[in-house]
Each structure stands twice: as structure tokens, then as C-alpha cells.
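*Asks:* Sharing a structure, written as C-alpha cells. Questions coming.
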Amino acid sequence: MVIKSTCLSLSIISKSLTPSLMNILHKLKVTAVAGLVVGLVSINGSATAQQATPQKAPQQQAQTISDQDIKLFVDASTRLMELQQESEKAMLVILEEEKLSVDKFNALAQAHQQQKLADAEGTAAEKAAFNKAIGRMMEMQPDIEKNMQTAIQKDGMTMERYEQIMLAYQQDPAVQAKIQKLMGL
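The sequence shown begins at 1 in the UniProt record's numbering and counts up one residue at a time.
As C-alpha cells, then:
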């Protein structure tokens, strides 16, 4: 249930993010499904930079990623997972305080995403609680983004390099194998 609620709440929060932040959020969700990382990462202009830069072939990516880069990536990803768990707990506390079940929140979140909240099944009190919960979650966003950025940059990795390795992980089985081996997966 925690993952279910967080995915939707993060999706709602992502509507207020810039396109580059939404791009990072999407990448993190994709990577999380693979068992690597989840969370929000803040970077300015990353989507534009990635679109303007031609993508290397997977073999070239594996060759340009050093073992040290992979270690930094895994360390940063581990910190991101811890931060994500903290964020999930905080979001669940908000739902409890607003007296919303995860299922009701998810139903209202889906309606909100489809811009049909007014037509959604739920009482006026539930919809008001949902709006308040979303507002509180969005207030958390700047701190979450700052903490995620700090987690990535702690050991000297840049945001751009983290994104490059994440992309290589998604596209290159050799990079996936190296990262999974280091993570003990």
C-alpha cells in the first residue's frame, strides 16, 4: 500500500514540477521498478540537455562508466532509497492526519489527474481533505528535492553524471549487470 500511495502522490506532486523535474521523476520510477532507485531529483535543464546530446550506443556507455562512477551511483541510489522511504512515511502520516484511506486518496488522485475531481465519488469532506493533503505534500517538495540532490552529490557525483549512468542502466545490460552485482542483486 505504501508504494501504491506514494506513486500516485508523487504523480500529483509532479504536476507542479518543471518538465525537467518530471523527466527525472519518471526515470527514477522506471529505475525503481528495476529495483534500483526511487525518488525525486531536482536539476535544471536536464531534459533539454539530454535531448540535445546524441545518445551513445550501449557498448560505448559501458566503456565510459568507470567502476568508481558505478560505486558512486550505487551509494547515491542507496541514499535516495532511504530518503524515499522517509518521504513515503511522511505522506502516509499526512493521509492519516487528514483521515483519508490510501484507497480513497488514490481514487481522488486519479480523478484529479484526469481533471475530474469535482465528479469523483466522495464526500465534500473527503475532497477537502484530499486537497489539503495534496497541498501539504507539495509543501514537502522543495525539501525532498534538496535532500535528493544532496544525496546524489554527497560523494562528488554530479547530477548530470548520475542521469547518464541511470540512462545507461536502463539501456545497457552490461551496465545493469555491473550495478546489480555491486548492489548484491
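Heads up, the beta-carbon is just placed ideally off N, CA and C, and yes, glycines get one too.
The structure displayed is predicted, hence computed values, not measured ones.
Counting Cβ pairs, one atom from each stretch, are 3 or more of them under 8 Å apart for the segment 70 to 77 and the segment 174 to 182?
*Replies:* Touching, yes.
*Asks:* Could you tell me the alpha carbon to alpha carbon distance between ALA151 and GLY122, rounded to whole angstroms?
*Replies:* Those two C-alpha atoms are separated by around 39 Å.
*Asks:* For LYS127, which residues from the same chain have a beta carbon less than 6 Å from its beta carbon, with the 5 sequence-adjacent residues on both sides left out?
*Replies:* Nothing meets the Cβ criterion.
*Asks:* If you follow the alpha helix (DSSP H) that LEU95 is part of, which residue opens it and which one closes it?
*Replies:* That run of the alpha helix (DSSP H) goes 67 to 97.
*Asks:* For ALA124, count the other beta carbons within 10 Å of its own beta carbon; 16 or more makes it buried, fewer makes it exposed. Which is it?
*Replies:* ALA124 is exposed by the Cβ-count criterion.
*Asks:* Do you know how far the Cα of ASP155 is from the Cα of LEU80?
*Replies:* Using only the alpha carbons, I get a separation of about 13 Å.
*Asks:* Provide the residue span of the alpha helix (DSSP H) that contains LYS181, from first to last.
*Replies:* Residues 173 to 183.
*Asks:* What does the alpha-carbon distance come out to for the pair ARG161 and GLN153?
*Replies:* Going from the Cα of ARG161 to the Cα of GLN153 covers about 10 Å.
*Asks:* If you count every other CB in all the chains shown that lies within 10 Å of the CB of LYS178, and 16 or more means buried, which is it?
*Replies:* LYS178 should be labelled buried.
*Asks:* Who are the near neighbours of ALA111 in its chain, counting only those whose CB is closer than 6 Å to its CB and skipping five residues on each side?
*Replies:* The answer, listed in chain order, is LEU117, ALA120.
*Asks:* Among SER101, GLN115, MET91, which has the Cα closest to the Cα of MET137?
*Replies:* It is MET91 whose Cα lies nearest to the Cα of MET137.
*Asks:* Roughly how many angstroms lie between the CA atoms of GLN85 and THR64, to the nearest whole one?
*Replies:* In a straight line, the C-alpha of GLN85 is about 31 Å away from that of THR64.
*Asks:* In whole angstroms, what separates the C-alpha of ASP143 from that of LEU83?
*Replies:* Taking the straight line joining both Cα atoms gives about 11 Å.
*Asks:* What residue range is occupied by the uninterrupted alpha helix (DSSP H) comprising ALA128?
*Replies:* It spans 124 to 153 - the alpha helix (DSSP H) in which ALA128 sits, taken as one unbroken run.
*Asks:* Give the C-beta separation of GLU98 and ALA129 to the nearest angstrom, bearing in mind that I take them to be a contact with Cβ-Cβ under 8 Å.
*Replies:* Indeed they touch by this definition, with Cβ atoms about 4 Å apart.
*Asks:* Answer with buried or exposed for SER101, where buried requires no fewer than 16 other C-beta atoms within 10 angstroms of its C-beta.
*Replies:* Answer is exposed; the Cβ neighbour count stays below 16.
*Asks:* Just the Cα atoms here: how many angstroms apart are ILE94 and ALA133?
*Replies:* Whole-angstrom Cα-Cα distance: 6 Å.
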